[in-house]
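There are 2 protein chains.
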Amino acid sequence: MNDKLIAQSDLFRGISPEEAAAMLHCLQAVERRYPKGALICRQGEAVPAAGLLLSGEVHIVQDDLWGNQSIFSRIGPGELFSEAYAAVPGAVSLVNAVAAQESSVLLLSVSRILHICPSACAFHAQLIRNLLACVAQKNLRLAQKITHTAPKTIRGRVLSYLSAESIRRGKRSFQIPFSRQQLADYLCVERSALSAELGKMQRDGLIEFRKNAFSLKTQE
Amino acid sequence: MNDKLIAQSDLFRGISPEEAAAMLHCLQAVERRYPKGALICRQGEAVPAAGLLLSGEVHIVQDDLWGNQSIFSRIGPGELFSEAYAAVPGAVSLVNAVAAQESSVLLLSVSRILHICPSACAFHAQLIRNLLACVAQKNLRLAQKITHTAPKTIRGRVLSYLSAESIRRGKRSFQIPFSRQQLADYLCVERSALSAELGKMQRDGLIEFRKNAFSLKTQE
DNA sequence: CTCATTTTGTTGGAGAGACAACATAATTTT
DNA sequence: AAAATTATGTTGTCTCTCCAACAAAATGAG
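Put into structure tokens, the structure is as follows:
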């Protein structure tokens, strides 16, 4: 198991690697591997545990009645997912968690985080604070997705997404972590329409792109 | 101040009214009143405190560059808002919190909740767990909004929203807390188009409504 | 390298919703 | 009660996106 990554994760921030390793026992942590495409958590089912992604990539997606897929968010190594459902007793998952690449996941019992030895071990309070920060952070991510899908035109959505990404990275040129189809699913638009609009935006001098490398042209 | 409501809120769940009242001091709680339409928290600004709504109604909204307004969620008495921003250090608000009715709000310092006397007072651990549950719950609400705005047609969005609301209330007939304009903003569609589609759905026998009272007709 | 598969880009037709402008109903004010 | 204001419903035009079908490019396998 990758102790280093665990100690550096948001969840275990501020906790020494040794202490973190010791806590894993207490938290009933279990590591599990998933091949590309596997479902880690299924829409409509109860969520027994939160997942800490050790390696690979996970997409949080939702399929509607007509087969359209909407990507809620993308999870990278060191990030937590499904923690909100696990933290609300009785909640069923509204989404699927699917391995976008072959992935290794550390499953953690949230109720253990909340209830076991809250005063006994010195780092437990820190762990709970960290968990709260993770959930709050996820909140902001969801709010961002809402922001990016609020504009009524594809161009508006693309600009909302790309400018936020640009600000987040602090660069005007960057790689996006989505394929065209995935970006379309994230922005809730048609892939082919997205491709067409991207081409038009490039011709209009708003952006430049090649594959997943985008660059924003700011000329007021 | 409404001690009863505070003690019954999700944040103070499981904490005795007396204990809760005592904690308010420690948490630097301040009550503030806002007239209808007032901004409680402004988009782009830092968020110093979380808000616990004591009376009235608050809408979490976002305005885009073109003046379109998107309603993120609706806050009722006893509910918490702005807590996610307050819980992530350095985060600026992506949204406005605006008083939809004349409102009274209890402002709470989140860092106080997280850091002061974590072991000293017996109920503090409970308070932190409650805060986590609130943030997680908010998470699910945001996920629901994403679900309701994912369908590409107005009818799909309306059905997604109304059926979720029906399931939540456990009834087939219920009042919605939004005006037409607000529902349109929540679903990210045009008000007039929403009105037209609602009328069509009624003619198609899918729903019945009068003002804000809706009723779902299920005939497969 | 060649072939198969996947990903991305292109186009045209059909349809849905935005937008504006107006009509009607409901609510509030005086 | 009348007038003013606000909320909701109606209609037609025009734009944008979906959808389907195809073309081209990129990737992977043998």
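Going down the list, the sequences are from chains A and B. Taking this note's numbering, the leading residue of the first sequence gets 103, the next gets one more, and so forth. Taking this note's numbering, the leading residue of the second sequence gets 103, the next gets one more, and so forth. Cβ coordinates follow ideal geometry from the N, Cα and C atoms, glycine included.
Query raised in the report: What residues in the segment 236 to 248 of chain B have a beta carbon less than 9 Å from any beta carbon of chain A?
Result: Val237, Ala238, Gln239, Lys240, Asn241, Leu242, Leu244, Ala245, Gln246, Lys247 and Ile248
Query raised in the report: Ordered along the chain, which non-local residues of its own chain (more than five positions away) have a Cβ less than 8 Å from that of B/Ser250?
Result: Here residue 250 of chain B refers to the residue found at position 148 of the second sequence. It is His, not Ser, that sits at residue 250 of chain B in the sequence shown. Only Arg259, Ser262, Tyr263, Ala266, Tyr288 and Leu289 meet the Cβ criterion.
Query raised in the report: Beta carbon of B/Phe225, beta carbon of B/Ile108: below 8 Å?
Result: Here residue 225 of chain B refers to the residue found at position 123 when the second sequence is read from its first residue. Here residue 108 of chain B refers to the residue found at position 6 when the second sequence is read from its first residue. No, the Cβ-Cβ distance between B/Phe225 and B/Ile108 is not below 8 Å.
Query raised in the report: Since A/Leu216 and A/Ile230 are thought to touch, with beta carbons under 8 Å apart, how far apart are those beta carbons, to the nearest angstrom?
Result: Residue mapping note: residue 216 of chain A aligns to position 114 of the first sequence, counting from 1. Residue mapping note: residue 230 of chain A aligns to position 128 of the first sequence, counting from 1. Right, the Cβ-Cβ distance comes to about 7 Å (below 8 Å), so this counts as a contact.
Query raised in the report: Helix or strand or just coil, what does DSSP make of B/Ile117?
Result: Here residue 117 of chain B corresponds to residue number 15 of the second sequence, with the count starting at 1. Correct three-state label for B/Ile117: coil.
Query raised in the report: Taking 7 Å as the line, does the beta carbon of A/Ser317 fall inside it for any heavy atom of the ligand NAD?
Result: For the ligand NAD, the structure offers nothing, since it holds no ligand at all.
Query raised in the report: Would you call the CB atoms of B/Glu159 and B/Gln203 closer than 8 Å?
Result: Residue mapping note: residue 159 of chain B aligns to position 57 of the second sequence, counting from 1. Residue mapping note: residue 203 of chain B aligns to position 101 of the second sequence, counting from 1. Against a cut-off of 8 Å, the Cβ pair of B/Gln203 and B/Glu159 comes out as a contact.
Requested in this report: Please decide whether B/Asp112 counts as near chain A, where near means a Cβ-Cβ distance under 8 Å.
Outcome: Sequence index remark: in the second sequence, residue 112 of chain B carries index 10 (1-based). Output row for B/Asp112: interface = no.
**Report entry** Chain-ordered residues of the segment 192 to 204 of chain A with a beta carbon less than 8 Å from chain B
**Finding:** Ala193, Leu196 and Val197
Query raised in the report: Are the segment 166 to 185 of chain A and the segment 140 to 155 of chain A touching, with three or more C-beta to C-beta distances below 8 Å?
Result: yes
Query - Rounded separation between A/Arg305 and A/Arg282 - CA only - result: Within the first sequence, the letter at position 203 stands for residue 305 of chain A. Within the first sequence, the letter at position 180 stands for residue 282 of chain A. For A/Arg305 and A/Arg282, the distance between alpha carbons rounds to 18 Å.
Query - Where A/Leu308 sits in the DSSP three-state scheme - result: Within the first sequence, the letter at position 206 stands for residue 308 of chain A. Residue state, collapsed to three classes: coil.
Query raised in the report: Exposed or buried, what is A/Glu322 when buried is set at 16 or more other beta-carbons lying within 10 Å of its beta-carbon?
Result: Here residue 322 of chain A corresponds to residue number 220 of the first sequence, with the count starting at 1. Residue confidence is low: A/Glu322 scores 43 on pLDDT, short of 50, so the model does not pin down where it sits. Its coordinate-derived value is still stated next. With fewer than 16 Cβ atoms within 10 Å of its Cβ, A/Glu322 is classed as exposed.
Report task. With 8 Å as the C-beta to C-beta threshold (strictly closer), list the residues of the segment 146 to 178 of chain B near chain A in chain order. Result -> Gln164, Asp166, Trp168, Asn170, Ser172 and Phe174
Query raised in the report: According to DSSP, is A/Ala315 helix, strand or coil?
Result: Position 213 of the first sequence, counted from the start, is the residue given in the question as residue 315 of chain A. Reduced to three states, the DSSP call for A/Ala315 is strand.
Query raised in the report: B/Ser211 by DSSP, collapsed to three states: which one?
Result: In the second sequence, the residue the question calls residue 211 of chain B occupies position 109. B/Ser211 falls in the coil class under three-state DSSP.
Report task. Can you give me the start and stop residues for the beta strand (DSSP E) that B/Leu129 sits inside? Result -> Indexing the second sequence from 1 puts residue 129 of chain B at position 27. From DSSP, B/Leu129 is part of no beta strand (DSSP E); its letter is neither H nor E.
Query raised in the report: Any C-beta of chain B sitting closer than 8 Å to the C-beta of A/Ile230?
Result: Translated into the one-based positions of the first sequence, residue 230 of chain A becomes position 128. Yes, its Cβ sits closer than 8 Å to a Cβ of chain B.
Query raised in the report: To the nearest angstrom, how far is it from the Cα of B/Arg134 to the Cα of B/Ser206?
Result: Translated into the one-based positions of the second sequence, residue 134 of chain B becomes position 32. Translated into the one-based positions of the second sequence, residue 206 of chain B becomes position 104. Spanning the two alpha carbons is a distance of roughly 6 Å.
**Report entry** B/Ala186 at chain A interface by Cβ criterion, 8 Å
**Finding:** Counted from its first residue, the second sequence places residue 186 of chain B at position 84. Judged by the 8 Å Cβ criterion, B/Ala186 is in contact with chain A.
Query raised in the report: Would B/Ser195 pass as a contact of B/Val132 if the rule is Cβ separation under 8 Å?
Result: Numbered from 1 along the second sequence, position 93 holds the residue referred to as residue 195 of chain B. Numbered from 1 along the second sequence, position 30 holds the residue referred to as residue 132 of chain B. In this structure, B/Val132 does not lie closer than 8 Å to B/Ser195 by Cβ.
Requested in this report: On a CA-only basis, which of A/Ala286, A/Phe280, A/Ser275 and A/Glu299 is nearest A/Leu318? Give me that one, please.
Outcome: As a working note, residue 318 of chain A is residue 216 in the first sequence. Comparing Cα positions, the closest option is A/Ser275.
Query - Span separating the alpha-carbon of A/Ala227 from that of A/Leu233 - result: Locating residue 227 of chain A in the first sequence gives position 125, where the first residue counts as 1. Locating residue 233 of chain A in the first sequence gives position 131, where the first residue counts as 1. Approximately 10 Å, taken between the alpha carbons.
Query raised in the report: Can you list, in chain order, the residues of its chain whose CB lies under 6 Å from that of B/Phe174, leaving out five sequence neighbours each side?
Result: For this step, residue 174 of chain B is matched to residue 72 along the second sequence. Correct list, in chain order: Ile162 and Val197.
**Report entry** Where A/Gln203 falls: helix, strand or coil (DSSP)
**Finding:** Taking the first sequence and counting its residues from 1, one reaches residue 203 of chain A at position 101. It is coil, neither helix nor strand.
Report task. In angstroms with no decimal places, state the Cα-to-Cα distance between A/Ile248 and B/Ile248. Result -> Here residue 248 of chain A is taken as the residue at index 146 of the first sequence, counted from 1. Here residue 248 of chain B is taken as the residue at index 146 of the second sequence, counted from 1. Computed Cα separation, rounded: 6 Å.
Requested in this report: Starting from B/Val190, find everything on chain A with Cβ-Cβ shorter than 7 Å and list it in chain order.
Outcome: Counted from its first residue, the second sequence places residue 190 of chain B at position 88. What B/Val190 touches in chain A: Ala235, Ala238, Gln239 and Leu242.
Query raised in the report: If we ignore side chains and look at the alpha-carbon of each, how far apart do B/Arg243 and B/Arg270 end up?
Result: Taking the second sequence and counting its residues from 1, the one referred to as residue 243 of chain B is at position 141. Taking the second sequence and counting its residues from 1, the one referred to as residue 270 of chain B is at position 168. For B/Arg243 and B/Arg270, the distance between alpha carbons rounds to 12 Å.
Query raised in the report: If we cut at 8 Å on Cβ distances, does A/Ala298 have a partner in chain B?
Result: Numbered from its first residue, the first sequence carries residue 298 of chain A at position 196. Answer no: the Cβ-Cβ gap between A/Ala298 and chain B never drops below 8 Å.
Query - Sequence-distant residues of its chain with Cβ nearer than 6 Å to A/Ala123 (five each side left out) - result: By one-based count along the first sequence, residue 123 of chain A stands at place 21. Asp105.
Query raised in the report: Going along the chain, which residues of its own chain have a beta-carbon closer than 6 Å to the beta-carbon of A/Met303, five neighbours each way excluded?
Result: Position 201 of the first sequence, counted from the first residue, corresponds to residue 303 of chain A. Taken in chain order, the residues that qualify are Ile309.
Query raised in the report: Does the distance from the CB of A/Pro179 to the CB of A/Leu155 come in under 8 Å?
Result: As a first step, residue 179 of chain A is located in the first sequence; it is residue number 77 there, counting from the start. As a first step, residue 155 of chain A is located in the first sequence; it is residue number 53 there, counting from the start. Taking 8 Å as the Cβ cut-off, A/Pro179 and A/Leu155 qualify as a contacting pair.
Report task. At 9 Å on the CB atoms, spell out the chain A contacts of B/Cys128, in chain order. Result -> Mapped onto the second sequence, residue 128 of chain B falls at position 26. Chain A residues near B/Cys128: none, gap ~16 Å exceeds 9 Å.
Requested in this report: Answer with buried or exposed for A/Ser294, where buried requires no fewer than 16 other C-beta atoms within 10 angstroms of its C-beta.
Outcome: Locating residue 294 of chain A in the first sequence gives position 192, counting from the first residue. Classification of A/Ser294: exposed, given that the 10 Å Cβ count is below 16.
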